[in-house]
Amino acid sequence: MQEVVSEIMSSHVVTINSNKSALDAALLMKEKRISSLIVQDEDELLGIITERDFVKRVCANDRVSSEVKISELMSKIQTFAAPDTPVDVAVQRMINNRIRRLPVISNGKVIGIITVTDLAKELRRIMLTQGIVELID
């Protein structure tokens, strides 16, 4: 049976409202120890904000983070996966769109996210299972 994204995704998705500031987002990401936030107002999915967005749109332009709204900073979600999307299809979407995070959406709501870290963990699990690598602390 082919593995699907719901089996390896991170189901704890942290969101932020689009009218918050880049500083608010940075503090939330620091607190939660994550590298991206889903942007939504109420139940409307608007986009994603990542560390790369901060570098390109705040730092590189020498902007004051408390004065930059999330709506100016976020990226549009280019593609997504459904919970039953095969993992290899999700990986191909990430490669094709040159993204490191893929939201998992069901009935118009973000229910999870797959990151390159999730994929690396899954690859390691497969390699351990197949005896390709040994468990190292």
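So for the sequence shown, UniProt numbering puts the first residue at 1; every next one is plus one.
Glycine included, every Cβ here is placed at the ideal spot set by N, Cα and C.
Quick caveat, the model's predicted, so the values are computed rather than measured.
Inset, instruction - Would you kindly check if the distance between the Cβ of residue 115 and the Cβ of residue 6 is under 9 Å? - result: Between residue 6 and residue 115, the C-beta gap is not smaller than 9 Å, which leaves the two residues out of contact.
Legend entry - Spatially closest choice to residue 95 from 64, 119, 38, by CA coordinates: The shortest C-alpha separation from residue 95 is found at 119.
Inset, instruction - Flag residue 18 as yes if its beta-carbon sits less than 9 Å from any beta-carbon of chain B, otherwise no. - result: In the displayed structure, chain B is absent; only one protein chain is listed.
Inset, instruction - State the DSSP-derived secondary structure class of residue 55, mapped to helix, strand or coil. - result: Correct three-state label for residue 55: helix.
Legend entry - Residue(s) in a DSSP beta bridge with residue 31: Under the DSSP definition of a beta bridge, residue 31 lacks any partner.
Inset, instruction - Just grab the DSSP bridge partners of residue 112 for me. - result: BP columns for residue 112 point to 104.
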